[in-house]
Structures are given as structure tokens and as C-alpha cells.
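Visitor: I have a structure I would like to understand better, so I am pasting it below and will then ask my questions one at a time.
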Amino acid sequence: MKIIDGKAISAKCKAETAEEIKALTADGRRAPCLAVILVGDAPASAVYVRNKKRACELVGITSLEYLLDKDEPEAKLLELIDFLNKDESVDGILVQMPVPKHIDPERVIEAISPDKDVDAFHAYNVGKLFTGAPRFMPCTPAGVMRLLKESGVSVSGKNCVVVGRSNIVGKPMSALLLAEDGTVTVCHSRTKNLAEITKTADILVAACGRPNMITGDMVKEGATLIDVGINRVGDKLVGDLDFDSCAEKAEYITPVPGGVGPMTIAMLMENTVTSYKMRFNLI
Ligand code: GUN
Numbered sequence: 694m695k696i697i698d699g700k701a702i703s704a705k706c707k708a709e710t711a712e713e714i715k716a717l718t719a720d721g722r723r724a725p726c727l728a729v730i731l732v733g734d735a736p737a738s739a740v741y742v743r744n745k746k747r748a749c750e751l752v753g754i755t756s757l758e759y760l761l762d763k764d765e766p767e768a769k770l771l772e773l774i775d776f777l778n779k780d781e782s783v784d785g786i787l788v789q790m791p792v793p794k795h796i797d798p799e800r801v802i803e804a805i806s807p808d809k810d811v812d813a814f815h816a817y818n819v820g821k822l823f824t825g826a827p828r829f830m831p832c833t834p835a836g837v838m839r840l841l842k843e844s845g846v847s848v849s850g851k852n853c854v855v856v857g858r859s860n861i862v863g864k865p866m867s868a869l870l871l872a873e874d875g876t877v878t879v880c881h882s883r884t885k886n887l888a889e890i891t892k893t894a895d896i897l898v899a900a901c902g903r904p905n906m907i908t909g910d911m912v913k914e915g916a917t918l919i920d921v922g923i924n925r926v927g928d929k930l931v932g933d934l935d936f937d938s939c940a941e942k943a944e945y946i947t948p949v950p951g952g953v954g955p956m957t958i959a960m961l962m963e964n965t966v967t968s969y970k971m972r973f974n975l976i
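Letter by letter, the sequence shown follows residues 694 to 976 in my numbering.
So, in C-alpha cells, the structure goes:
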């Protein structure tokens, strides 16, 4: 069994991005710029936003932070997005999810210009992803693909099972695995005989948000097990995989924390650079 070190792989990705930005800005061109909007002060979201800012500083992306009061009307948020859409010095716009209940996340996502949608949440970019011509990669699924690649796990022809069908992870994950010629099954809360299906997986991606739900008896000997779950249980962070029993069966497995988590931000940095290159006609 080998543990996939997401922290190390993410550090390598960020170092590569930093090098690329250095080369892109060597002739005096401005640095890439990411605008992050946080509505309200949910502690978990505040941590994510702080980590994004830190990563931006590390790789050489200018980061703009907009903190809106939790009661700010939706119209104000849409106004800010419109302003950032039109600002030529901004390459990426990210609204940290979830937003407070009085704000419609769909309306927010569709308000972001598809050319600056570094989360790849906008319907246009989701469509591009599913038709096989993605511009921005959905960050967490892209992070999973990079972990597989860096670990030398090929996807082509493999049985891939994704547990979870969210717009942020499950659905785009299935698209990326399919694009790499995996045979993909998506399971969810209404799936019957879940264990029978997960046992067929050469590559299993757990993204259902239920602590320790996938246990060792549900996975195939020699499988690659990827854990996207981040669940707070007491004062501990645990994944959707029951790590100890799953590790006994796996050839490769990602830990929580230190697996998929650090990759999401590394991929966000890459998307911001992609957006920048599109803006300056460099791709
Ligand atoms: N909340 C949890 N994950 C994400 C993400 O990838 N992007 C945004 N914008 N919000 C999130």
C-alpha cells in the first residue's frame, strides 16, 4: 500500500506555477490576479479564503479579497461581480460557497463571466467540460486527476466508481475520468447495493460527505482509493473512507488531511494563470 502525498504533489504544482508566472511577467507584464469574494463569516469558509490568499502570495498571483456582510443583499454581490467582470486587471473571480440562504447560488455562478470563472462552475464551462474542450478545469476533480497522474495510475479502460453526484465534485469528476477513457459509474444516496458496485472499482473516488462511509469490505484488493471527504468529527478531520480498513486493501490511497485537499488550491492557481494567458492571447 502506498499513501499518495497530496501535500508534496501540491507543493510541486505550485512551484511549477510560480516558475511559469515568473517567465510570463519577466518582460514587465502585470501579474495574474484573482478576486475572492466571501459573503458572511462562516469559519470554514474563512479558512479556505485565507489559504487561497496564501497560495496566491506564494506563486505570485495578486489576490483581491472582498468580504461582504452576511446580510448583504444579493443585488450588491451581483453588482460587485459585474464590476470585476469588467475590470481588465482581474483574471479570476471566485465566490466562496456556500453563500447565505437569501442568495441564490445559481444566479451568482451565472453572473460570473465564463472567461473569469476559475472554479469552472458556470454552465458554459460545465458544457465545455462535458463536450471535451475544457478551458478551466474544475479544481477538486482536476486535483484528483493530477494525483493519479503523479502516482503513475492510468485511467484508460479502468472501472472508475465515483460516490457522490455534486456539481462541485461528483459530476465533473465523472467527466474527467470519462475523458481519460475510464469506464465510469456514479453512485449516490439512492444507489442500491452500493458495496457491490464499489467492489468493482479499480479507481474509487469517495465524495459523498459521510464520515468513514466506505469501509474495507466494500473495496477491491489492489484498488486506487481517492478520498475527497472532509468531515469534522469531534476535533478530528476524517474522510469518506474508513482509512485503516481501506488501506489494508488498497494499492494507493489518499489520506485526510493531506490528500486531495491541498490539490484544489493548486489547481485554482493553474486556472488563474490559464485565464491570464487567455486574456493576453498567449494561448
Ligand atoms: N466551497 C467548497 N469548495 C469550493 C470551491 O471549490 N469553490 C468555491 N467557490 N467554493 C467552494
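By construction, the Cβ of each residue, glycine as well, lies at the ideal position given by its N, Cα and C atoms.
Quantities reported herein were computed from a predicted structural model and do not represent experimental measurements.
(1) Mind pulling the beta strand (DSSP E) runs of 3 or more residues that sit fully within the region 767–832?
(2) According to DSSP, is leucine 975 helix, strand or coil?
(3) Per DSSP, what kind of secondary structure is isoleucine 890 in: helix, strand or coil?
(4) Using three-state DSSP, classify alanine 868 as helix, strand or coil.
(5) Indicate whether isoleucine 946 and leucine 918 have their beta-carbon atoms separated by less than 8 Å.
(6) So is the beta-carbon of valine 788 under 7 Å away from any non-hydrogen atom of the ligand GUN?
(7) Excluding five sequence neighbours on each side, which residues of the same chain lie with their C-beta closer than 6 Å to the C-beta of threonine 876?
(8) Take asparagine 744 and list the residues in its own chain whose beta-carbon comes closer than 8 Å to its own, dropping the five residues that flank it on each side.
(9) Going by alpha carbons, who is nearest to isoleucine 754 out of Asn778, Leu761, Lys779, Gly785?
(10) Drop a sphere of 10 angstroms on the beta-carbon of threonine 776, count the other beta-carbons inside from all chains shown, and report buried for 16 or more, exposed for fewer.
(11) Please determine, among Val837, Lys821, Met838, Ala813, the residue with the shortest C-alpha to C-alpha distance to proline 831.
(12) Buried or exposed, going by whether 16 or more other CB atoms sit within 10 Å of the CB of leucine 773?
Guide: Let's see:
(1) 785–788
(2) coil
(3) helix
(4) helix
(5) yes
(6) yes
(7) Asn852
(8) Ile958
(9) Gly785
(10) The displayed chain sequence assigns phenylalanine, not threonine, to residue 776. Per the 10 Å Cβ criterion, exposed.
(11) Ala813
(12) buried
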